[in-house]
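The sequence shown: position 70 = 70 (UniProt numbering), numbered continuously. We treat Cβ as the ideally placed atom computed from N, Cα and C, and that holds for glycine. Computed from a predicted structure; not experimentally measured. These notes are about the structure you will find just below.
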Amino acid sequence: MDFGRYIADLRDKKRLSLRELEKRASDLSHVYIWRLEKGDRDAPSAATVEKLAKALELSAREHEIVSLLLKTEIDDQLFALIVERPDIAIEDVEPVATMSFRGNRPTDQPGWERLIEMVKSF
């Protein structure tokens, strides 16, 4: 999962068109939002992220996920885990999300859970 795809998913989940989100996120054009969603733009400014967060009425957890996605793309299984398990702190996920792997990357949610627990124990 990447930042743009997550924003698009949140917009779809809230059943907002690009133009409706544009109206809610003053000063952000629907074209700019579309380009963010497609990954055609560099990371947005903090002010832009705040406008999107407010316009999408993000929960605290969703906001934490957005912040993490601005730093790194997240494996789909790890992403599913953090969405399904809000008891796992984003601070515990970030080190494994940004970790470099040499062919031993977890391929399922239990594998990611084990890795998170291992890193937490250090």
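Leu-52 - DSSP class collapsed to helix/strand/coil: helix
Nearest-angstrom beta carbon gap, Ala-97 and Leu-68 [assumed within contact, 8 angstroms]: 6 angstroms
With contact counted as at least three CB pairs below 8 angstroms, one residue from each stretch, are the region 97-107 and the region 71-78 in contact? yes
Which residue from Lys-51, Met-118 and Glu-64 puts its Cα closest to that of Ile-90? Glu-64
What residue from Arg-11, Phe-101, Ile-116 and Val-66 has the CA that sits closest to Asp-87's CA? Ile-116
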